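A.B. asks: Dumping the structure here so I can ask a few things about it.
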Amino acid sequence: MLTMKGKYGLKAAIYLAGLKPGELAQSADIADASSISKRFLDAILADLRLAGFIATRKGRHGGYALIRPPEEIMAGHIIRVLDGPLAPIPCARRMGYIPCADCGDEDRCAVRLLMLDVREAIVSVLDKRSLADLSRVAQADGGAGIETLLAG
């Protein structure tokens, strides 16, 4: 499930993807435009900065911007940084795999096999939609909610 942190981080990243090259955005502007608490947003932006997705410049003319082109950053990248693995259960993860204590044979575990399919479906959507794609949709739709953006 997408947490509020993941949702707001994705909204903020989409906002930054809509900036002109070289333009910076203040966190207060991002928060206002995205209906996010500035305090919560600042923590999210710090996580995205540490993960290497955004840069910040301090001072009166400072702000935030994406480090890489928005065409190269997928929605799944942002969500993994903020929410962790996309798999619905630990035994279906690619990274950070954790076997279930109650599973005798994971190759025949119907729940795990189903969740592997669910993970693949999630990945096939989130890793094919770039921030540039989502920004274009948001600008054309007057700032649609993230649910509309990801519905494709």
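Heads up, the sequence shown is in my numbering, so the first residue is 1 and it goes up one at a time.
By construction, the Cβ of each residue, glycine as well, lies at the ideal position given by its N, Cα and C atoms.
Because the structure is a prediction, the values reported are computed rather than measured.
(1) Would you check if the segment 52–72 and the segment 116–125 touch, i.e. whether three or more CB-CB distances between them fall below 8 Å?
(2) Hey, would you say alanine 17 sits closer than 7 Å to proline 70, going by beta carbons?
(3) Taking a contact to mean a Cβ-Cβ separation below 7 Å, would you say alanine 33 touches tyrosine 15 in this structure?
(4) Taking its Cβ as the centre, do 16 or more other Cβ atoms sit within 10 Å of alanine 28, making it buried, or is it exposed?
(5) What is the DSSP secondary structure of methionine 157, counted as helix, strand or coil?
(6) State the CB to CB distance for the pair leucine 116 and alanine 92, rounded to an integer number of angstroms; the pair is presumed to be in contact (CB under 8 Å).
(7) At 4 residues or longer, what runs of the alpha helix (DSSP H) sit wholly inside the segment 42–117?
(8) Pick helix, strand or coil for serine 35, following the three-state DSSP scheme.
(9) Determine the extent of the alpha helix (DSSP H) in which serine 135 is found, giving its start and end residues.
(10) Given a cut-off of 7 Å on the beta-carbon distance, is the pair tyrosine 64 and alanine 110 in contact?
(11) Do alanine 175 and isoleucine 79 have their C-beta atoms within less than 7 Å of each other?
(12) Can you grab the Cα-Cα spacing for the pair leucine 48 / isoleucine 54, in whole Å?
C.D. replies: In brief:
(1) no
(2) yes
(3) Taking 7 Å as the cut-off, the beta carbon of alanine 33 is found closer than this to the beta carbon of tyrosine 15.
(4) exposed
(5) Here the chain covers residues 1 to 152 and nothing more, so residue 157 does not appear.
(6) Rounded, the Cβ-Cβ distance is 5 Å, consistent with contact.
(7) 75–83
(8) For serine 35, the three-state secondary structure derived from DSSP is coil.
(9) 131–140
(10) no
(11) This structure leaves residue 175 out entirely; the chain is present only between 1 and 152.
(12) 6 Å
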